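For reference, the structure discussed in these notes is given below.
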Amino acid sequence: MYELRYLCLQHEMQIQPCVTAVTSVSGGLKGLYNEKLKPLERTYRFNDFASPTLTESDFDAKPMVMLLGEYSTGKINFIKHLLKCNYPG
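Numbers in the numbering used here are just positions in the sequence shown, counted from 1, shifted up by 237.
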């Protein structure tokens, strides 16, 4: 019983609440990446065998979607439907 209580106390001492306020989701993700992941990527040289570390512009860039399909399968019609207007294409 004493050992279990000691382990619980040790465990409680190691827990440190991490409360930070963010103004946007992208800002929060950028902060977490720079604080937690980027140091790990540099330590283990992640960019040597995978993609390079992310930059500020990677977080601030607008999202892109690539639409693939065979000829005459309705890609332009799909874009027109999403935009709810005519699209020259």
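The C-beta atom is built at its ideal place from N, Cα and C for all residues, glycine as well. Note that the structure is predicted; figures quoted are calculated from it, not measured.
Out of curiosity, what's the CA-to-CA distance linking residue i and residue j?
i, j, result
"Thr290", "Lys299", "18 Å"
"Lys267", "Phe296", "7 Å"
"Gly265", "Ser294", "15 Å"
"Lys321", "Lys312", "14 Å"
"Lys275", "Ala258", "20 Å"
"Ala287", "Leu319", "35 Å"
"Arg279", "Thr260", "27 Å"
"Glu272", "Val302", "29 Å"
Who are the Cβ neighbours of residue i in its own chain at under 8 Å, not counting the five residues just before and after it?
i, result
"Tyr270", "Leu291 and Phe296"
"Phe283", "Leu277 and Thr290"
"Thr310", "none"
If you drop the 5 nearest sequence neighbours on each side, which residues of the same chain put their C-beta closer than 7 Å to that of residue i?
i, result
"Ser263", "Phe296"
**Item:** Length at least 4, wholly inside the region 250–325: the alpha helix (DSSP H) runs in chain order
**Value:** Whole alpha helix (DSSP H) segments, 4+ residues: 262–269, 275–280, 293–297 and 312–320.
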